[in-house]
């Protein structure tokens, strides 16, 4: 089954410790490139994620993002003890100085102290509790299953498009083969007429030479080999459509080889109908090459 490298998956959930949200994005890439965006304190999940992703995926640029929000009661903001001590010492100094000057100050409340810059800090490494990390970890398997399902669905759609283009190429190859007998007859007539106009009359000697010239032209203009090779590559591409595992690179190589044969076909055509067939084949192959860039 063909898989696409483009997909998206998300999972959200909550526990007594807070809420979490996973997002998983995959786009095309030459290799498997894993990128992690994890909150502080969640680094331990990276090995688990990389192992699971490498087992399930072969190619693509994959970005994993985890967002966690602690419940307020779970310490979403913590008191910085060092900063608190500094603020309290500073308040004592202010009170002492005011007393020495005969100035009476009101006593600061706890709320006044907490409002001082830096006393309350947003929890960083300690903000994401072990309980919340454990809860978020349970979603890794389902999240990855969602991504692979979408990659498979997108791959099925891509496979239909690619197979339709392969059918077009097959039909054009058969149309080209049907043109060859009449094309050869036309080439012979055209050469004999041109030779007769120049020489005035074709003698027996001229006929032998003409036969040699026709043989040389036939070799130079023969496209049978190009059509045979196109068909061979076509069969190989069809076979890949039914293979399990990553086939994108193989398909890309086959299409490049087919484009080479199609270019040669166009250059040797010497015939409007055959040139049109060659252009149609090249167009189908170019469209396929764009689609194959997203195939794993």
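Residue numbers (our numbering): 442 to 737. In this text, a Cβ means the ideal position worked out from N, Cα and C, and glycines have one as well. No experiment lies behind these values; they were computed from the predicted model shown.
Just grab the DSSP bridge partners of residue 445 for me. Within the chain shown, numbered from 1, the residue matching residue 445 stands at position 4. Residue pairing by DSSP places residue 445 opposite 736 in a beta bridge.
In chain order, what residues of the same chain have a beta carbon less than 8 angstroms from the beta carbon of residue 611, not counting five sequence neighbours either side? Here the question's residue 611 lines up with position 170 in the chain shown. Exclusion of the five residues before and after residue 611 leaves 672, 675 as the residues of its chain whose Cβ lies within less than 8 angstroms of its Cβ.
Cα-Cα separation between residue 710 and residue 603, rounded to whole angstroms: Here residue 710 is taken as the residue at index 269 of the chain shown, counted from 1. Here residue 603 is taken as the residue at index 162 of the chain shown, counted from 1. One C-alpha to the other measures close to 26 angstroms.
Among 713, 475, 487, 457, whose alpha-carbon lies nearest the alpha-carbon of residue 621? Within the chain shown, the letter at position 180 stands for residue 621. The alpha carbon of residue 621 has as its nearest neighbour, out of 713, 475, 487, 457, the alpha carbon of 713.
Contact set for residue 734: own chain, Cβ-Cβ below 6 angstroms, skip 5 residues either direction: Indexing the chain shown from 1 puts residue 734 at position 293. For residue 734, where only same-chain residues beyond five positions count, the Cβ hits under 6 angstroms are 469.
How many Å lie between residue 452 and residue 462 at the Cα? Locating residue 452 in the chain shown gives position 11, counting from the first residue. Locating residue 462 in the chain shown gives position 21, counting from the first residue. Approximately 6 angstroms, taken between the alpha carbons.
What do you reckon, are the CB atoms on residue 703 and residue 737 nearer than 9 angstroms? The residue you call residue 703 lines up with position 262 of the chain shown. The residue you call residue 737 lines up with position 296 of the chain shown. Not in contact: residue 703 and residue 737 (Cβ atoms no closer than 9 angstroms).
Range covered by the alpha helix (DSSP H) that runs through residue 685: The sequence position of residue 685 within the chain shown is 244, counting from 1. Bounds of any alpha helix (DSSP H) do not take in residue 685, whose DSSP letter is neither H nor E.
Hey, is the stretch 475-482 in contact with the stretch 505-512, meaning 3+ C-beta pairs nearer than 8 angstroms? Judged by Cβ distances under 8 angstroms, the stretch 475-482 makes contact with the stretch 505-512, as three or more pairs qualify.
Interface flag, residue 470 vs chain C, CB-CB below 9 angstroms: In the displayed structure, chain C is absent; only one protein chain is listed.
Is residue 459 near residue 529, with beta carbons less than 9 angstroms apart? Walking along the chain shown from the start, residue 459 turns up at place 18. Walking along the chain shown from the start, residue 529 turns up at place 88. Taking 9 angstroms as the Cβ cut-off, residue 459 and residue 529 do not qualify as a contacting pair.
For residue 618 and residue 624, the rounded distance between their alpha carbons: For the purposes of this step, residue 624 is taken as the residue at position 183 of the chain shown. For the purposes of this step, residue 618 is taken as the residue at position 177 of the chain shown. Straight-line spacing of the CA atoms in residue 624 and residue 618 works out to 10 angstroms.
Determine whether the beta carbon atoms of residue 614 and residue 722 lie at a separation below 9 angstroms. In the chain shown, the residue the question calls residue 614 occupies position 173. In the chain shown, the residue the question calls residue 722 occupies position 281. In this structure, residue 722 lies closer than 9 angstroms to residue 614 by Cβ.
Taking its Cβ as the centre, do 16 or more other Cβ atoms sit within 10 Å of residue 729, making it buried, or is it exposed? By 1-based counting over the chain shown, the position of residue 729 is 288. Classification of residue 729: buried, given that the 10 Å Cβ count is 16 or more.
For residue 597, count neighbouring C-beta atoms within 10 Å of its own C-beta (all shown protein chains included) and say buried if the count is 16 or more, exposed if not. As a working mapping, residue 597 is identified with position 156 in the chain shown. That one is exposed.
With distances taken from CA atoms, which of 541, 539, 492, 678 is nearest residue 473? For this step, residue 473 is matched to residue 32 along the chain shown. Taking only the C-alpha atoms, the option nearest residue 473 is 492.
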